[in-house]
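Position one of the sequence shown corresponds to residue 13 (my numbering), numbered consecutively onward. Here's the structure, in structure tokens; my notes come after.
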Amino acid sequence: MPDPFNDATHIWFRAGAHEQLHLVGGAKEITDHELEVHLAFRVDSLDEFIARLDQMQVKYHNSKGEEKKITARPDGLKPIYFQDQDGFWVEGNDNKS
């Protein structure tokens, strides 16, 4: 969604009909974060979500760390992962339930 600040510190995402996620960079120190600790979102269309990430030049990968690859879990769910400016992990997936 449009970022009213229009700067390199903020990124805004629409997370539902009335929900938003605001990622704000600027940590004094970037630390490593494990992929297992992440915030996950179900998206209406994984293809459209990936296209938006590509448009924004956001790198993403599957759970194996393979860049721009999608791998289904044993239950069929297809998650992709990317990091915010401070290294925190975010998941987008195609869960239909």
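Note that CB positions come from ideal geometry on N, CA and C, so glycine has one too.
Worksheet item: Taking DSSP as the reference, what is the three-state secondary structure of Glu60?
Response: Locating residue 60 in the sequence shown gives position 48, where the first residue counts as 1. If DSSP states are grouped into helix, strand and coil, Glu60 belongs with the helices.
Discussion item. For the stretch 18-32 against the stretch 71-83, do three or more pairs of beta-carbon atoms, one drawn from each stretch, fall closer than 8 Å, so that the two count as touching?
Written reply: no
Item to complete: Select from Gly37, Glu48, Phe17 and Ala63 the residue whose C-alpha is nearest the C-alpha of Glu103.
Response: Translated into the one-based positions of the sequence shown, residue 103 becomes position 91. Minimum Cα distance to Glu103 is reached at Glu48.
Practice prompt. Count the other CB atoms, across all protein chains shown, that sit within 10 Å of the CB of Pro114; report buried if there are 16 or more and exposed otherwise.
Written response: The shown model of the chain, from 13 to 109, leaves out residue 114, and the question about it has no answer.
Item to complete: Return the first residue and the last residue of the beta strand (DSSP E) that Ala52 is part of.
Response: Here residue 52 corresponds to residue number 40 of the sequence shown, with the count starting at 1. Ala52 -> beta strand (DSSP E) spans His50 to Arg54.
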